[in-house]
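Position in the sequence shown (from 1) plus 106 gives the number in our numbering. Inspection log for the structure reproduced underneath, given as structure tokens.
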Amino acid sequence: MEFEHNVDLSRFNTLALPGRAAAYQKITGAGQLTVANDFAGRRFILGGGSNLVLNGDFDGLVLHMAIPGKRLVKEDGEAFYIEAGAGENWHDFVQWTLQQGWPGLENLSLIPGTVGAAPIQNIGAYGLEVGEMLHSVNAWDFKNQAFFTVDRNNCRFAYRDSLFKQEGWHLNGQIAITSVIFRLPKAWVVNTRYADVTQELAAQQIAAATAQDIAQAIIAVRQRKLPDPATIPNCGSFFHNPLVDSATAGRLKSAHPALPQYPQPAGRVKLAAGWLIEQAGWKGKRLGSVGMYEKQALVLVNHGGANGNDVQQTMAAVQADVTAQFGVALTPEPVFL
Ligand SMILES: Cc1cc2nc3c(=O)[nH]c(=O)nc-3n(C[C@H](O)[C@H](O)[C@H](O)COP(=O)(O)OP(=O)(O)OC[C@H]3O[C@@H](n4cnc5c(N)ncnc54)[C@H](O)[C@@H]3O)c2cc1C
Numbered sequence: 107m108e109f110e111h112n113v114d115l116s117r118f119n120t121l122a123l124p125g126r127a128a129a130y131q132k133i134t135g136a137g138q139l140t141v142a143n144d145f146a147g148r149r150f151i152l153g154g155g156s157n158l159v160l161n162g163d164f165d166g167l168v169l170h171m172a173i174p175g176k177r178l179v180k181e182d183g184e185a186f187y188i189e190a191g192a193g194e195n196w197h198d199f200v201q202w203t204l205q206q207g208w209p210g211l212e213n214l215s216l217i218p219g220t221v222g223a224a225p226i227q228n229i230g231a232y233g234l235e236v237g238e239m240l241h242s243v244n245a246w247d248f249k250n251q252a253f254f255t256v257d258r259n260n261c262r263f264a265y266r267d268s269l270f271k272q273e274g275w276h277l278n279g280q281i282a283i284t285s286v287i288f289r290l291p292k293a294w295v296v297n298t299r300y301a302d303v304t305q306e307l308a309a310q311q312i313a314a315a316t317a318q319d320i321a322q323a324i325i326a327v328r329q330r331k332l333p334d335p336a337t338i339p340n341c342g343s344f345f346h347n348p349l350v351d352s353a354t355a356g357r358l359k360s361a362h363p364a365l366p367q368y369p370q371p372a373g374r375v376k377l378a379a380g381w382l383i384e385q386a387g388w389k390g391k392r393l394g395s396v397g398m399y400e401k402q403a404l405v406l407v408n409h410g411g412a413n414g415n416d417v418q419q420t421m422a423a424v425q426a427d428v429t430a431q432f433g434v435a436l437t438p439e440p441v442f443l
């Protein structure tokens, strides 16, 4: 396979960080993956670059997933089964399913990136995680030189986590997801648990919301709250919401009664990372060209001209301040290359 060389990656990551790939190939069909083994060095699978921190030049091969296609695979009494190529734009795919009359994914509207990356960190928003609506994942295994399928029950979906984030999987370019099959139940359940969504629907005077109404409400809320990467480069939430044990949660609640806490299974408690960062004084604060967004402290933004090192310095400063003030460790959500 003839690869492109010395390719600029700054336009392929939503933080707009500089870096070049020693070798690069756009993948528009799964068959191309079978010959990508010709490259001897490291490999990285790139989607929309919206969950990525680029640390300068990459000396390996970037395979840019652009496999198209979306279709109804089958329909039974209970659900629609829809397959989408890994390179399909996630938001466009969600809107397309709604237009076809297959609701279920509306709460995940306007999340940037590709269909193929959605299962990697089990994308989630407004009370829904993609794993809940997924049937199976089709992928190529570079090591074993074979296509394989993982059913939903074996994907080990958890909060911003899945089988595909485990050691030996995508992080060292071991597998490439080629398509995803979704299972959208015909018995549609309205999911408007989040106050932001109900308030937006009320403001629009919508009483019995359709899936399209919910999608439009979520799009409006997200556009108000989150910076558009096209104008203010960012990669969404920069830190996970920390999960702590109940004793730690109790201690924090006594010291900081306003700290939002969300009970989870097995006695664990999820804390709002954005609140911790804001209280640590980082909302709207910047260190050189990188800062935390003025309207949402959880989002790290590139004010212009930043590189991967600048991002890591701001990240470390935020982590240090939150740990000093609350004794809580923040872990980053994006992938570092
Ligand atoms: C403004 C903004 C808002 C966001 N909001 C949310 C949100 O609400 N919820 C949420 O969960 N996320 C959110 N994100 C993060 C991001 O959109 C998701 O993580 C998205 O799934 C990343 O998709 P991508 O195609 O850009 O992946 P990339 O950033 O290109 O890659 C991410 C990881 O997935 C791997 N990967 C990508 N494609 C494949 C493939 N086909 N096969 C194997 N590995 C692959 C890459 O190697 C990398 O490790 C947001 C980001 C931004 C910029």
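All C-beta atoms in this analysis are idealised placements derived from N, C-alpha and C, irrespective of residue type, glycine included.
query: Output needed for Leu204: all residues of its chain with C-beta closer than 8 Å, excluding positions within five of it in sequence on either side, in chain order.; result: Leu211, Glu212, Ala317, Gln318, Ala321
query: Using C-beta distances below 7 Å, list every residue in its chain close to Gln402, excluding the 5 sequence neighbours before and after it, in chain order.; result: Lys331, Leu332, Gly380
query: Since Ala136 contacts Thr284 with CB under 8 Å, what's their CB separation in whole angstroms?; result: 4 Å
query: Answer with buried or exposed for Glu184, where buried requires no fewer than 16 other C-beta atoms within 10 angstroms of its C-beta.; result: exposed
query: Alpha carbon to alpha carbon, how far is Asp351 from Ala412? Give it in angstroms, no decimals.; result: 36 Å
query: What separation, rounded to the nearest whole angstrom, lies between the Cα atoms of Lys249 and Val396?; result: 38 Å
query: Going by C-alpha distance, which of Lys132, Ala430, Asn119, Thr120 is nearest Glu110?; result: Lys132
query: So Ala252 and Leu169 are supposed to be a Cβ contact under 8 Å. How far apart are they, rounded?; result: Not quite, the Cβ-Cβ distance comes to about 17 Å (not below 8 Å), so this is no contact.
query: Does the distance between the C-beta of Gly191 and the nearest non-hydrogen atom of ligand 1 fall short of 6 Å?; result: no
query: Starting from Gln370, follow the beta strand (DSSP E) in both directions and report where the run begins and ends.; result: Gln370 -> no beta strand (DSSP E), and no H or E assigned at all.
query: Quick check on DSSP: helix, strand or coil for Asp247?; result: strand
query: Could you tell me the boundaries of the beta strand (DSSP E) in which Thr255 lies?; result: 252-257
query: Could you tell me the distance, in whole angstroms, from the CA atom of Asn244 to the CA atom of Leu406?; result: 32 Å
query: Below 6 Å, is the gap between the Cβ of Gln131 and the nearest heavy atom of ligand 1?; result: no
query: Where Ile302 and Ile324 are concerned, what is the direct C-alpha to C-alpha distance, given to the nearest angstrom?; result: In the sequence under discussion, the amino acid at residue 302 is Asp, which differs from the Ile named in the question. Those two C-alpha atoms are separated by around 8 Å.
query: Out of Ala353, His362, Ala361, Gly387, which one is the CA nearest neighbour of Ala372?; result: Ala353
query: So Leu167 and Leu123 are supposed to be a Cβ contact under 8 Å. How far apart are they, rounded?; result: With a Cβ gap of about 19 Å, Leu167 and Leu123 do not count as contacting.
query: If you draw a straight line from the alpha carbon of Pro440 to that of Ala430, how long is it in whole angstroms?; result: 23 Å
query: Considering Cα atoms alone, identify which of Pro339, Ala315, Lys376 is closest to Gly414.; result: Pro339
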